[in-house]
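One structure is given here, and the rest of the page talks about it.
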Amino acid sequence: MIWQQLRTPFLAIAFVGLVSIFAKSVTDPTLGKPTAYTFPAAVPLSGWQPQVNPTPVKTQAPQAKQLLSKSKSYRYTRNSYQLDVNMHYLVGTSGDEQLFMRNYTAIPIDSKQLAPAVRYQKGIGYYQLLSDRSFAHLVACINPQGESTVTRKQFLHNRNTYDLQPSNILLWLTAKSDLRDRRCLWTHLTMPLNRAVTPQAAYRQLETTWISLSQWWTPRFPPL
């Protein structure tokens, strides 16, 4: 009985919302598109010395730029370690680490030597460690809400958990926001390997650094 009483008002609100979305999409070309974002010139990292003029971010596939909003590279040194932090702000990503690495990094993902391992840090989220003959890598997607993710399944779970909230649905029905927030700060940390820096030693450095970076970037996620 209650559903029958609420059915007509609910359908009316939904209809008005859909009409509103259609009308705004025609008149406002920026609907559903995030605002322009500029990465900070410097990011503090405790215990590391920042370097100027780091190596620019490399992308592999021309079509990757269709989803790439912004990229920024930061370089740090500490004793015998060198660390590159490559940040990619992607809009409309699927959250798939394989697709990200293939399109936005120079990681030889088809190499059997990489031996990727997904790990989890409570309060931070998932991240992936892997290494080739020359570099150790850490890859993770910082989400707009929730913990970091690596796989498409983890990313989708985050979106289902945080996007499909009554408040978000109401904003979508009134054409004030997109229902799905498929943005990601893909983070790629890379460290050169040598006789003094083994993969295991590099992984320890990358994991500790990742925790600090995640805690710094999460509250500073680009606004819509």
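Counting in the working numbering, the sequence shown runs from 75 upward without gaps.
Just so you know, even glycine gets a beta-carbon here, dropped at the ideal spot from N, CA and C.
Note that the structure is a prediction, hence the values are computed from the model and not measured.
Secondary structure at residue 187: coil, using DSSP grouped into helix, strand and coil. For a cut-off of 8 Å, the C-beta gap from residue 281 to residue 225 is around 18 Å, too long to register as a contact.
Taking a contact as a CB-CB distance under 8 Å, the pair residue 294 and residue 167 does not count as one, their CB atoms being some 18 Å apart. Cβ-Cβ separation between residue 258 and residue 164: approximately 5 Å, consistent with a contact (criterion under 8 Å). Two segments are said to touch when three or more pairs of C-beta atoms, one from each, lie closer than 8 Å; by this definition the segment 116–125 does not touch the segment 217–233. With contacts defined by Cβ atoms closer than 8 Å, residue 157 and residue 263 form a contacting pair. A direct Cα-to-Cα measurement between residue 203 and residue 180 gives close to 15 Å.
Scanning its chain for C-beta atoms nearer than 7 Å, with the 5 sequence neighbours on each side dropped, one finds around residue 111 the residues 143, 144, 163, 296, in chain order.
Here residue 261 carries a strand assignment [DSSP, helix/strand/coil]. The continuous stretches of alpha helix (DSSP H) do not include residue 204, which lies in the beta strand (DSSP E) extending over residues 199–205.
Residue pairing by DSSP places residue 158 opposite 149, 264 in a beta bridge. Secondary structure at residue 179: coil, using DSSP grouped into helix, strand and coil. By the CB criterion at 8 Å, residue 285 and residue 198 fall inside the cutoff.
The alpha carbon of residue 208 has as its nearest neighbour, out of 265, 149, 194, 274, the alpha carbon of 265. Approximately 4 Å separates the beta-carbon atoms of residue 210 and residue 276; this is inside 8 Å, confirming the contact.
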